[in-house]
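For reference, the structure is listed below as structure tokens.
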Amino acid sequence: MTKKSPFKFKENLMLETSDYEDVKNMLVDHESTIARINYHQNLESHFHTMLIAMKNNHAVQIHKHQDKDEFLYVLEGSLRVTFYNDQREKMGNEKILKNGNGILILKNTWHEIQAESDFCLFLENAPGPFRPDQTSYL
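Now the structure itself:
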């Protein structure tokens, strides 16, 4: 059985520096390799912002969003973004994002993200609502 990553919806919808420690503590408290705080009211919201914490070598498997672009912005640590074609072959345009770097990933782009540092903290912004059937995995 796959363990679900911890997350919570923030009631005041305001990103505060204290949230950095909160999301890091979620990793420890739940013995997880990824955790997130959502700054949207629910999965039906029209815009989604998430503060995500990942431990070293945790990877979000190769996937693409059929219906939306997403923007990743690194606050702490480093994050590897690798792009693939439909045959699961690397495209050769891998990016390493460090503190203060961001990247726009266009819809229908196969990609994988992986923490490259002991710990990585980043923001993910994307249009809502969340539709699991609009995300495909290789």
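Residue numbers for the sequence shown follow numbering that gives the first Met the number 0, so the first one is 0 and each next one is one higher. For glycine and all other residues, C-beta sits at the position ideal for the given N, C-alpha and C. Being a predicted model, the structure only gives us computed values, none of them experimental.
Does N37 pass the burial test, meaning 16 or more other C-beta atoms within 10 Å, or should it be called exposed?
Along the sequence shown, read from residue 1 onward, the residue named residue 37 stands at position 38. With 16 or more other Cβ atoms within 10 Å, it is buried.
Would you mind reading off the limits of the beta strand (DSSP E) that contains K23?
Looking up residue 23 in the sequence shown gives position 24. That residue, K23, is in no beta strand (DSSP E); its alpha helix (DSSP H) goes 17–28.
Local conformation of P126 per DSSP, three classes
Taking the sequence shown and counting its residues from 1, one reaches residue 126 at position 127. In the structure shown, P126 sits in a strand (DSSP, three-state: E or B).
Rounding to the nearest angstrom, what Cα-Cα distance links L137 and R130 in this structure?
Counting from one through the sequence shown, the residue named residue 137 turns up at place 138. Counting from one through the sequence shown, the residue named residue 130 turns up at place 131. Cα to Cα, the separation comes out at about 17 Å.
Run through DSSP, which three-state label would Q60 get?
To locate residue 60, count along the sequence shown from 1; it is residue 61. Reduced to three states, the DSSP call for Q60 is strand.
Nearest CA to the CA of A34: which residue from E88, F121, P126?
In the sequence shown, the residue the question calls residue 34 occupies position 35. Nearest of E88, F121, P126 to A34, Cα basis: F121.
Report the rounded CA-to-CA distance for Y72 versus S116, giving the unit in angstroms.
Counted from its first residue, the sequence shown places residue 72 at position 73. Counted from its first residue, the sequence shown places residue 116 at position 117. Going by the C-alpha atoms only, they are around 15 Å apart.
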